[in-house]
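In this note's numbering, the protein residues as written are 654 to 996.
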């Protein structure tokens, strides 16, 4: 029975109050329709997820941070915010049983679903085996060969439900090294979400905030209560949207060197920068960068970090030139060394 036939059957039953056969009920329960405009997004209900886990002898694993989204409205919201459509390429990290995978596939996007859990990945394959636009990858997202995996397109969307312990690592790695990823929608603990989008002068602001700002525009687009998960976590989660910039947030610096400076500053975030960075900077660097040496790392926005990095680089470049010139033999000396003695 195809999806369109199921919808027609349901409509007729509601209109005629006709009872469904047991086979028809079984078929319809495989599809929970969530209407979004003219798109029908498919997912699993809470009872279906619990039943699937029981059937296969599986249980959520805390080591992998497994909390399954079992609320239909939340799945619909995530699929809508993913901003994908027919022909788009989507990488879903932590696909689980495939609830969101099915909803993303219904948009017509090409979905690559990554799952680390041995047991879940088999159920995921079973749930998506008839979908030509879904590819299931059994892998640890921290060890993926991104370049090979994403070779099909230069424009990828990433949708992910990320555990606390790897959330910032995954986001930072994708922004740093995978230019093909243009858009991300990640569900993370609210504390992590606050750090990803934080601005200078706030408590959540840190090195990862500067990195995200350098590469992208980011914002929190939704809050996720514990009640939509199975099992329920103890903390709330946030949906964070990250869109890669066409050009980095500051120019004239090497990203790696900028982030090295930022990490050094935040490693001693309670100290004044002139002390926290005393092995890297000089008083003249702060003057040239128009940065108060008595400020702290959390007070500098991306632009200020960029100015300080450029000031340091300019000084080091000048010092290198001076050192090279001082060790090079002079033209006069070279001439004298090779002159022919007069008779």
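All C-beta atoms, glycine included, are put in the ideal place defined by N, C-alpha and C.
- Taken through DSSP and simplified to helix, strand or coil, residue 768 comes out as strand.
- Taking C-beta separations shorter than 6 Å and ignoring five residues to either side along the sequence, the partners of residue 915 in its chain run 860, 863 and 958, following chain order.
- By the beta-carbon neighbour count (other beta carbons within 10 angstroms, threshold 16), residue 729 is buried.
- Note that the C-beta distance between residue 723 and residue 919 is not below 8 Å.
- With distances taken between CA atoms, residue 867 lies nearest to 899 out of 899, 814 and 785.
- The C-alpha of residue 845 lies about 30 Å from the C-alpha of residue 705.
- It is roughly 7 Å from the alpha-carbon of residue 754 to the alpha-carbon of residue 745.
- Counting only residues of its own chain and dropping the five nearest sequence neighbours on each side, residue 875 has a CB closer than 6 Å to the CB of 892.
- The beta carbon of residue 842 lies closer than 7 Å to those of 817, 888 and 890 in the same chain, with the five residues before and after it left out.
- Note on geometry: alpha-carbon atoms of residue 814 and residue 800 lie some 21 Å from one another.
- Residue environment for residue 833: buried (at least 16 other C-beta atoms within 10 angstroms of its C-beta).
- A distance below 8 Å separates the beta carbons of residue 741 and residue 762.
- Of the residues assessed, residue 852 falls on the exposed side of the cut-off, its CB having fewer than 16 other CB atoms within 10 angstroms.
- A Cβ-Cβ distance of about 14 Å is found for the pair residue 968 and residue 906, leaving them out of contact under the 8 Å criterion.
- Rounded to the nearest whole angstrom, the CA to CA distance from residue 806 to residue 827 is 15 Å.
- Assigned with DSSP and collapsed to three states, residue 894 falls in strand.
- The residues 946, 947, 948 and 949, in chain order, have a CB closer than 8 Å to that of residue 925 in the same chain once the five nearest residues on each side in sequence are set aside.
- Under the rule that a run must span 4 or more residues, the alpha helix (DSSP H) segments found entirely inside the segment 746-805 read 752-759, 771-781 and 799-802.
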